[in-house]
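Engineer: All the letters of the sequence shown, read from the start, carry residue numbers 3 to 254 under the working numbering.
The structure is given below, and queries will be raised subsequently.
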Amino acid sequence: MDRHIPFEALHNFRDLGGYVTTDGRRVRPGLLYRADSLGKLREGTADWDRFRSLGIRTVIDLRHPWEAEAQGRVPEHGSLTYHNLSIEHRPYNQAVQGPDVDPGPYLAARYMEVAEDGVKEIGRALELVVEAAQADAPLVFHCASGKDRTGQLAALILELAGVPDETIIEDYTLTELATPALLADWKARNDGRAPTWPAFGRAPGSVMRTYLTSMRTRYDSTENYVQQQLSLDAQDLKNTLRTALLEQTAAD
Numbered sequence: 003m004d005r006h007i008p009f010e011a012l013h014n015f016r017d018l019g020g021y022v023t024t025d026g027r028r029v030r031p032g033l034l035y036r037a038d039s040l041g042k043l044r045e046g047t048a049d050w051d052r053f054r055s056l057g058i059r060t061v062i063d064l065r066h067p068w069e070a071e072a073q074g075r076v077p078e079h080g081s082l083t084y085h086n087l088s089i090e091h092r093p094y095n096q097a098v099q100g101p102d103v104d105p106g107p108y109l110a111a112r113y114m115e116v117a118e119d120g121v122k123e124i125g126r127a128l129e130l131v132v133e134a135a136q137a138d139a140p141l142v143f144h145c146a147s148g149k150d151r152t153g154q155l156a157a158l159i160l161e162l163a164g165v166p167d168e169t170i171i172e173d174y175t176l177t178e179l180a181t182p183a184l185l186a187d188w189k190a191r192n193d194g195r196a197p198t199w200p201a202f203g204r205a206p207g208s209v210m211r212t213y214l215t216s217m218r219t220r221y222d223s224t225e226n227y228v229q230q231q232l233s234l235d236a237q238d239l240k241n242t243l244r245t246a247l248l249e250q251t252a253a254d
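In structure tokens form, the structure reads like this:
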């Protein structure tokens with residue numbers, strides 16, 4: 003299933019709404035989006051008009067500040083609040099990896115580094131997501147390709163909301179539909195060269211599956227990670243997030 007919202011310059015912009023939780027509720031559509039770099043947006047274009055039509059009020063940029071400076075950020079606008087929360091503290095270069103590097107364990111290990119290093123920024127991002135959902139004010143979070151840092155935060159939010167693993171993994175793999183365009187963009191920025199890593203831009207399910215397993219092996223549960231590493235009240239956060247983000251049933 004392709005959940006991508008079509009843009010000319012953006013290739014991996016998706017609504018997280020509609021996913022079903024283990025108790026049968028759904029993530030509310032039109033409230034929480036994930037994307038590749040919004041620095042590619044330009045005012046006065048059809049892309050900008052489409053972006054504005056979504057009613058997004060909050061942008062969370064998960065890139066390093068130097069990435070935002072070099073590649074641009076979302077255009078400033080009076081209706082938008084912009085937060086640069088760099089969750090990755092140990093930069094790494096996927097493009098130069100060799101063909102023998104298995105993306106499953108390699109990327110899952112990098113995601114574990116982010117989970118350990120970026121606790122302040124991840125915690126703040128979760129707070130912003132809750133605040134936006136409570137206010138019915140759409141929010142988007144993004145990195146460069148909308149795959150790794152964005153995929154990691156999406157997985158955490160969906161898991162706290164009660165979405166099952168297989169759905170979280172499926173959501174992660176949807177980047178595969180954008181891989182050719184993301185790869186073309188990378189080549190255009192690098193004089194037509196191709197990355198040496200055949201898995202560059204790919205999003206196999208083994209990556210997210212390995213990452214989720216690694217998190218539970220280390221922290222036993224997502225709630226423990228939130229409580230111990232992010233220093234947030236895990237039960238309160240989960241309850242508040244679910245109340246704000248999920249469509250309520252008649253019983254609620």
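Just so it is clear, CB atoms sit at the ideal spot from N, CA and C, and this is done for glycine as well.
May I ask which residues mark the beginning and end of the alpha helix (DSSP H) holding residue 131?
Structural biologist: On the sequence shown, position 129 is the one that residue 131 refers to. Start and end: 121 to 136.
Engineer: Could I get the ranges of all uninterrupted alpha helix (DSSP H) runs contained in the stretch 46 to 103, with 4 residues as the minimum, in chain order?
Structural biologist: Here the runs fully enclosed are 48 to 55, 67 to 73.
Engineer: Pull up the distance between the alpha-carbon of residue 248 and that of residue 70, whole angstroms please.
Structural biologist: Stepping through the sequence shown from its first residue, residue 248 is reached at position 246. Stepping through the sequence shown from its first residue, residue 70 is reached at position 68. Computed Cα separation, rounded: 32 angstroms.
Engineer: Which one of 101, 204, 136, 89 has the shortest CA to CA distance from residue 113?
Structural biologist: Against the sequence shown, residue 113 aligns to sequence position 111. Answer by Cα proximity: 89.
Engineer: Determine the direct distance from the alpha carbon of residue 61 to that of residue 2, and round the result to whole angstroms.
Structural biologist: Look at the range of the chain in this structure, 3 to 254, and you will see that residue 2 is not part of it.
Engineer: Measuring straight from C-alpha to C-alpha, what distance separates residue 180 and residue 206?
Structural biologist: As a working mapping, residue 180 is identified with position 178 in the sequence shown. As a working mapping, residue 206 is identified with position 204 in the sequence shown. Approximately 13 angstroms, taken between the alpha carbons.
Engineer: Helix or strand or just coil, what does DSSP make of residue 29?
Structural biologist: As a first step, residue 29 is located in the sequence shown; it is residue number 27 there, counting from the start. Three-state result, residue 29: strand.
Engineer: Grouping DSSP H, G and I as helix and E and B as strand, with all else coil, what is residue 228?
Structural biologist: Here residue 228 refers to the residue found at position 226 of the sequence shown. In this structure, residue 228 counts as helix in the three-state DSSP scheme.
Engineer: Tell me the rounded alpha-carbon separation between residue 222 and residue 142.
Structural biologist: Residue mapping note: residue 222 aligns to position 220 of the sequence shown, counting from 1. Residue mapping note: residue 142 aligns to position 140 of the sequence shown, counting from 1. Whole-angstrom Cα-Cα distance: 29 angstroms.
Engineer: Three or more beta-carbon pairs under 8 angstroms between the stretch 158 to 177 and the stretch 76 to 94, yes or no?
Structural biologist: Because the criterion of three Cβ pairs below 8 angstroms is not met, the stretch 158 to 177 and the stretch 76 to 94 do not touch.
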